[in-house]
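Trainee: Below you will find the structure I want to go over with you.
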Ligand SMILES: [Zn+2]
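Residue numbers (my numbering): -17 to 75.
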């Protein structure tokens, strides 16, 4: 029973992450907060600091996130997951 509860919690965690993508740190699951380019400049490659103006950071593990290629791929993947649901809800009476 305990193993089932554990799996259920893991499943809920993954589902919550899918429904609210890009809001929590992938490493520590802490909420991400907005950061300025000046704040993160020394923690990302200089090309990234120059190319992007929006950043988010994790206050626990100090990871920096920006809307690069990973963000675009994840957005496209999430859109494909949501598409069948949207189609079925439109066709229901
Ligand atoms: Zn973190």
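Don't be surprised by glycine CBs; every beta carbon is placed ideally from N, CA and C.
Count the other CB atoms, across all protein chains shown, that sit within 10 Å of the CB of residue 15; report buried if there are 16 or more and exposed otherwise.
Mentor: exposed
Trainee: Is the stretch 55 to 63 touching the stretch 16 to 30 in the sense that three or more CB pairs, one from each, lie closer than 8 Å?
Mentor: Counting Cβ pairs under 8 Å, fewer than three are found: no touch.
Trainee: Identify every run of the beta strand (DSSP E) within the stretch 5 to 67, keeping only runs that are complete inside it and at least 3 residues long; order them along the chain.
Mentor: 14 to 17, 37 to 40 and 46 to 48
Trainee: Output needed for residue 65: all residues of its chain with C-beta closer than 7 Å, excluding positions within five of it in sequence on either side, in chain order.
Mentor: none
Trainee: If residue 17 and residue 38 are in contact, beta carbons under 8 Å, what's the gap, nearest whole angstrom?
Mentor: Right, the Cβ-Cβ distance comes to about 6 Å (below 8 Å), so this counts as a contact.
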